[in-house]
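The next block holds one structure in the form of structure tokens; read it before the comments.
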Amino acid sequence: MASRAFPDWVSAEIRDAEFGDPAEMRRTGYILEIYEGDSKMDVQLYDPVEDGRYIVTMDVPGAVGMGDLERGIVYEFVFEQQSAPLSKKVSEYLASEMGTEMGAIYRFVLVSLERADSE
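Residue numbers (the numbering used here): 3 to 121.
Written out as structure tokens, the structure is:
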């Protein structure tokens with residue numbers, strides 16, 4: 003299937019989404035990829051987040067040294083999860099045109115992490 007851009011109205015709703023209050027979560031997993039320039043990382047979790055995913059992209063605040071992060075090492079992650087509901091129109095568009103069932107978008111922000119093997 004060829005890659006398609008979202009219509010402007012879908013992009014605008016996603017870009018301008020109003021996220022709810024953060025919920026702090028604690029999960030164990032490991033870092034798959036680190037994006038230093040964007041201050042983000044992809045993480046594989048052993049237990050899913052609210053929407054059932056095991057792989058999430060987390061924002062990494064400046065207080066966490068990106069250079070200290072290691073891929074493939076098991077960490078306990080403490081992070082904030084926020085969600086923003088999508089309108090019925092956008093949800094229906096994503097289902098019919100993109101084959102994706104999605105009623106909300108999520109943001110994950112790292113609060114802290116500790117190597118799981120450290121005691």
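Think of the CB as a built atom: it goes at the ideal place given N, C-alpha and C, for glycine as much as any other residue.
Under the assumption that Ile107 contacts Leu88 (Cβ atoms under 8 Å), give the Cβ distance between them as a whole number of angstroms. Locating residue 107 in the sequence shown gives position 105, counting from the first residue. Locating residue 88 in the sequence shown gives position 86, counting from the first residue. Correct: roughly 6 Å between the Cβ atoms.
### Val51 and Phe81 closer than 7 Å at C-beta
Walking along the sequence shown from the start, residue 51 turns up at place 49. Walking along the sequence shown from the start, residue 81 turns up at place 79. No, these two residues do not count as a Cβ contact at 7 Å.
*Go through its chain and collect everything with a Cβ distance to Asp104's Cβ below 7 Å, but skip five positions before and after it.*
By one-based count along the sequence shown, residue 104 stands at place 102. Per the sequence shown, the amino acid found at residue 104 is Met instead of Asp. Hits under 7 Å: Leu88, Ser93, Leu96.
My output table needs one value for Asp137: the three-state DSSP class, helix, strand or coil. A question about residue 137 goes unanswered here, because the residues of the chain that appear run from 3 up to 121.
- Around the C-beta of Ile2, are 16 or more other C-beta atoms found within 10 angstroms, so that it is buried, or is it exposed? The structure shown does not extend to residue 2, since the chain is modelled only from 3 to 121, so the question has no answer here.
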